[in-house]
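One line per chain: the protein sequences are A and B, in this order. Per the working numbering, the first sequence starts with residue 1, numbered consecutively. Per the working numbering, the second sequence starts with residue 1001, numbered consecutively. Glycine included, each C-beta is placed from N, C-alpha and C at the ideal position.
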Amino acid sequence: MAGWWARPRRLLALIVVLLCLLSQQSVGLAGDTIGPGGDCWRAGTPVNCRVGWQGTNSFFVVSLVDEMNNATYHSLADTARNNWSNASGPQQFQWVASPIHPTWVRLRVNVGYYCACATTNNFNSSGTDISDSGGFINYSLIQISPAYANPADANLGINAFGHELGHTLGLAHHPNEMRGLMWPYNNSTYLAPTEFDIGLNPPCGLSISYLGVRCIYNFGLGG
Amino acid sequence: MMALGRSIVIVAAAVLFGALVLVTGAAGLGGKPPVAPPGISPERAAQLDAERQSREQEFLTAFVASGRDPHALPRTHLDAIAVVAETLKESVAAADAIVIGVTEQTRFVVNPSGGLPTAKSVVRISEVVKSHAALAPVGQTLDLFQAGGPMPYPTPGGSLRELDVDELVLPSDQVVLFLTYQPRVSGFSPLAGSGVYFVRAGALTPEVRNRFGTSIRGRSVSDFLVMIAAASR
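Written out as structure tokens, the structure reads:
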């Protein structure tokens, strides 16, 4: 009896382990991408990444242009920039005096925003706003309201800039996970990207949603 | 018994094969991946931005000149991050003023910072629930400032583009407003996400980003006033 059952038992055990691994990959461990599931590298998913990406496991640099003319805002944005650049993933942000090809982000104060709020517009190479639809992001505009100029809690500003930088990378709101930057409600708790923003290592499981920057840019295979 | 064993092996092999197909599919091995374009120069982008802004201003000017009802435009949202009250109690505490009123007029103007237009509405106050030194008495009006207005996209024919945490009030709208005083314009703006409640056929409709909106939706104004009073204690 034991003889006929031994081989299939081993095989079934292997399958169970494999399915467990796959199911682990598909739970909501990472920030949503626009699409959903948009990325640079897979056939059959919506394209959603920045121009300038060089391929699997490559870092890329996004230039930041400060048009806010405000030292407080610059300091808040710089902390957010530093937090993203030091986090896992392919993204590096650096300040520049003026936009640099191939990809850049302008940061501005919008006096027409009366709420304490911030937004990001992503544009493709035709100058079309693709914030809602995805596509190859050529350049971006982050706008923040004047309400953060003297914030009672500076961390709110850092969280807001960190969140918007996440949008420039192709991340969408993560409405079901508050433990990360892509939670759509401003808070002073999360100042740097967490595992829910960085996401899983590719191939990112079977789910096409709940994917972070690693999945967008195919970064971290085997790592 | 041997036949049963072979069947199990065959089924298991099929499941394993299926799983491998799915994994390779997820890894992007099943087709031609997209190719990133080289990107345009900053100068070209600036030119495209100027053209887009020009189209936006032309659309806004033409819309205002036409006298069209902005209710006729489909609403579209630009996602925003904002501090949004989690409970009615927080919202009541955060509001400088709470009023019930009807919008008499809404004027859309070009935003000096570009992007979304600025909407300035005049709201006739019918009831003051929470007062503020700068608030006019019942029967008078308040000036309400919001971001948003007619834009030539993303829907064909244009849309009423607004922040998802700042839904626009429009002429003839009956509303309950939770307000923040804005000294720089000597007017008010709604609290982000929980500042506007539309009264439609006697029932309240909160904003889409209202975090406690499900407890308000469909209620009458009088019910809501009771809830506000309870949340104030």
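- prompt: Based on Cα-Cα distance, which residue from B:Val1102, B:Ala1097, B:Lys1130 and B:Val1110 lies nearest to Val1199 (chain B)?
  reply: B:Val1102
task: Can you give me the Cβ contacts of Gln1146 (chain B) inside the same chain, cut-off strictly under 6 Å, excluding the 5 residues immediately before and after it?
output: Ala1119, Asp1166 and Leu1168
- request: Identify every residue that forms a DSSP beta bridge with Cys49 (chain A).
  value: A:Phe136
Residues, ordered as in the chain, of the segment 1153-1176 of chain B that lie near chain A by beta-carbon distance below 9 Å: Listed in sequence order: Tyr1153, Pro1154, Leu1163, Asp1164, Val1165 and Asp1166.
- prompt: Just the Cα atoms here: how many angstroms apart are Gly52 (chain A) and Val1185 (chain B)?
  reply: 42 Å
- prompt: Is the beta carbon of Asp173 (chain A) less than 8 Å from the beta carbon of Asp32 (chain A)?
  reply: The sequence as given places His at residue 173 (chain A); Asp does not occur at that position. A contact, by the Cβ cut-off of 8 Å.
Cβ neighbour criterion (16 or more within 10 Å) applied to Asn86 (chain A): exposed
task: Take the Cβ of Asp1069 (chain B) as the centre, count every other Cβ of all protein chains shown within 10 Å, and call the residue buried at 16 or more, exposed below.
output: Classification of Asp1069 (chain B): exposed, given that the 10 Å Cβ count is below 16.
field: Reduced DSSP secondary structure (H/G/I, E/B, other) of Ile1081 (chain B)
entry: strand
- request: Using a Cβ-Cβ cut-off of less than 7 Å, list which residues of the segment 1139-1152 of chain B approach chain A; keep chain order.
  value: Phe1145, Gln1146 and Ala1147
message: Let me make sure I understand the geometry here. Which of A:Cys117, A:Asp129, A:Asn69 and A:Phe196 has the alpha-carbon closest to that of Leu171 (chain A)?
response: Of the listed residues, the one whose Cα sits closest to Leu171 (chain A) is A:Phe196.
Distance between Gly1114 (chain B) and Thr1076 (chain B) (C-alpha atoms, nearest Å): 18 Å
query: Which value, in whole angstroms, describes the spacing of the CA atoms of Leu211 (chain A) and Ser1232 (chain B)?
result: 41 Å
- request: Return the residue from the list A:Gly220, A:Gly127, A:Ile198 and A:Gln143 that minimises the CA-CA distance to Pro1112 (chain B).
  value: A:Gln143
field: Alpha carbon of Gln1174 (chain B) to alpha carbon of Ala1046 (chain B), nearest angstrom
entry: Each residue's alpha carbon lies about 42 Å from the other.
message: Does Phe1212 (chain B) come out as helix, strand or coil in the three-state DSSP assignment?
response: coil
query: Do three or more CB pairs link the segment 87-96 of chain A to the segment 37-48 of chain A at distances below 8 Å?
result: Verdict: no, contact absent.
task: Note down, in chain order, each residue of its chain lying with its Cβ closer than 6 Å to the Cβ of Leu156 (chain A), except the 5 sequence neighbours on either side.
output: Asn186 and Ser188
- request: Determine the DSSP secondary structure at Thr168 (chain A), reduced to helix, strand or coil.
  value: helix
Delimiting residues of the alpha helix (DSSP H) encompassing Glu1043 (chain B): Pro1042 to Ser1066
- prompt: Is Leu211 (chain A) helix, strand or coil by DSSP?
  reply: coil
Exposed unless 16 or more other CB atoms sit within 10 angstroms - verdict on Asn83 (chain A): buried
query: Using the C-alpha atoms, what's the distance from Val1221 (chain B) back to Ser125 (chain A)?
result: 49 Å
Exposed unless 16 or more other CB atoms sit within 10 angstroms - verdict on Arg81 (chain A): buried
- prompt: Rounded to the nearest angstrom, how far is the Cβ of Val1176 (chain B) from that of Leu1204 (chain B), given a contact under 8 Å?
  reply: 7 Å
message: Please list, in chain order, the chain A residues whose beta carbon lies closer than 9 Å to that of Ser1186 (chain B).
response: Those within 9 Å of Ser1186 (chain B) in chain A number zero; the least Cβ separation is about 13 Å.
- prompt: With DSSP run on the structure shown, which of helix, strand or coil describes Val1092 (chain B)?
  reply: helix
query: What's the call for Leu1029 (chain B), buried or exposed, on a 16-neighbour Cβ count within 10 Å?
result: With a pLDDT of 47 at Leu1029 (chain B), under the threshold of 50, the modelled position of this residue cannot be trusted; read the value that follows with caution. So Leu1029 (chain B) ends up on the exposed side.
task: Verify the CB distance criterion: does Val1084 (chain B) have a CB-CB separation below 8 Å to chain A?
output: yes
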